[in-house]
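S.K.: Using numbering that gives the first Met the number 0, the first residue of the sequence shown is number 0, and each one after it goes up by one. Ideal Cβ positions, reconstructed from N, Cα and C, are used throughout, including at glycine.
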Amino acid sequence: MKTKIIALTALIAFPFAAFAGSDCGSCSSYDKASKKAKDSYKTMAKVDIVDTAAAAGSFNTLIAAVEAAGLAETLKGEGPFTVFAPTDEAFAALPAGTVESLLLPENKDKLISILTYHVVPAKVKANDVAAGEAPTVNGQTATIEIADGNVTIEGASVVKTDVLATNGVIHVIDEVILPAES
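(1) Taking the continuous beta strand (DSSP E) assigned at residue 146, which residues delimit it?
(2) Decide if the region 142 to 157 is in contact with the region 100 to 110; the criterion is three or more beta carbon pairs, one per stretch, under 8 Å apart.
(3) Who are the Cβ neighbours of residue 49 in its own chain at under 8 Å, not counting the five residues just before and after it?
(4) From the DSSP output, read off the bridge partner residues of residue 156.
(5) If you compare alpha carbons, which of 54, 78, 45, 92 is closest to residue 172?
(6) Which residues in the same chain as residue 58 place their Cβ atom closer than 7 Å to its Cβ, once the five residues preceding and following it in sequence are excluded?
(7) Rounded to whole angstroms, how far is the Cβ of residue 168 from the Cβ of residue 162, which I believe are closer than 8 Å?
(8) Tell me which residue opens and which closes the alpha helix (DSSP H) that residue 98 is part of.
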């Protein structure tokens, strides 16, 4: 069993081995209003991923979706997790009615699939990220690309990195990423 865990850890860590050591290039595009939130992120490493995201104030839709999917307790658990967290603006950019539809009880499985596609089952800080395929909790891989200092995951730009929590890390993205239909 120990060999399987070591092999899984190596598989998870491999795609993240060579990301630039500082915040991504697109992070500089974060406006001054985000500075206050950025500064408050530094003090939030005393709580789990869900509470950290909730305290940030820009992930209300994500938190509502996590709760509707029944994933809050899991993401409050031991982890470690890396969450590529879409902002409220990212959810608002989806076609009208999409979020409301996903929050319906009959769409819970689809919501779980989408949300777990945003989660890597390891703590991966920005300086450990590399271009390649990243395994996600939903069982599919997500493609990470790095170009000109900018990082994307499935086309969504990483706009803030290393929001620390007690059970992992959050990287903020500007779009909701969708897994392939199964």
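M.R.: According to the structure shown:
(1) 140 to 146
(2) no
(3) 62, 65, 71, 74, 75
(4) 151
(5) 92
(6) 52, 84, 86, 87
(7) 7 Å
(8) 97 to 101
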